[in-house]
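Take a look at the structure below.
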Amino acid sequence: ATGADYQAEDATISQGAIATNHTGYTGTGFVDLTNVAGSYLQITVSAATAGSTSLAFRYANGTTTDRPMTVTVNGVTIAAALSFPPTADWNTWATKTVNASLLAGTNTVRATSNTADGGPNLDKLTVGVAADTQPPTT
Ligand code: GCU
131 ATGADYQAED
141 ATISQGAIAT
151 NHTGYTGTGF
161 VDLTNVAGSY
171 LQITVSAATA
181 GSTSLAFRYA
191 NGTTTDRPMT
201 VTVNGVTIAA
211 ALSFPPTADW
221 NTWATKTVNA
231 SLLAGTNTVR
241 ATSNTADGGP
251 NLDKLTVGVA
261 ADTQPPTT
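Under mature numbering (1 follows the signal peptide of the UniProt record, and there is no 0), the first residue of the sequence shown carries the number 131, and numbering increases by one thereafter.
Okay, structure coming up:
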């Protein structure tokens, strides 16, 4: 199935900035969250119908350390520490997926940095791709 793409650079950033200083991003850039716990990206997601779907974050982490994030949907935590492991370098992107229930209509998805390292660089969120074939999220 083809998912709906939400570019990170079009979303709401709290403590961070749009950047273009690495290669391989989609859209016009990516979001570089500040290296602090609590920095976040908030994306407004539309769903035609209520139900479970997948949230796939395209990210880069050019360090050697995981950068876990808390993911909430409509204020409810669906992943307290979603792992964003290293991707070799900042030009190398990977996808991390978590399943979530969305409401029909507008939903608020927020990914917040758990540690003082901040989050990974975030390129986009894709909603609704092959939720039934995603790997375990815990
Ligand atoms: C580097 C890199 C940034 C990244 C940052 C970080 O400065 O160029 O893209 O966001 O490290 O550690 O988060």
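Backbone N, C-alpha and C define an ideal beta-carbon position, used for all residues, glycine too. If you're wondering where the values come from, they're calculated on a predicted model, not measured in any experiment.
Item, Value
"Secondary structure of Ala138, DSSP reduced to three states", "helix"
"Bridge partner(s) assigned by DSSP for Asn172", "Asn is not the amino acid found at residue 172; the sequence shown has Gln there. Its beta-bridge partners are Thr142, Arg240."
"Whole-angstrom distance between Val166 and Leu233, CA atom to CA atom", "31 Å"
"Pairwise C-alpha distance: Asp196 and Asn244", "10 Å"
"Residue from Thr164, Ala224, Ala246, Thr200 with nearest C-alpha to Tyr155", "Ala224"
"Residue-level contact to chain D via CB, Ser231, 7 Å cutoff", "Any reference to chain D falls outside this structure, which holds one protein chain only."
"Distance CB(Ala141)-CB(Leu171) smaller than 7 Å", "yes"
"The stretch 175-190 in contact with the stretch 238-257 per 3-pair CB rule at 8 Å", "yes"
"Inter-residue Cα distance where the pair is Ala261 and Thr179", "Note that Ala261 scores 44 on pLDDT, short of 50, meaning its location in the model is unreliable; the coordinates nonetheless yield the value given after this. Each residue's Cα considered, the two are about 15 Å apart."
"Closest by C-alpha distance to Ser231, when choosing among Gly249, Val175, Ser144, Leu252", "Val175"
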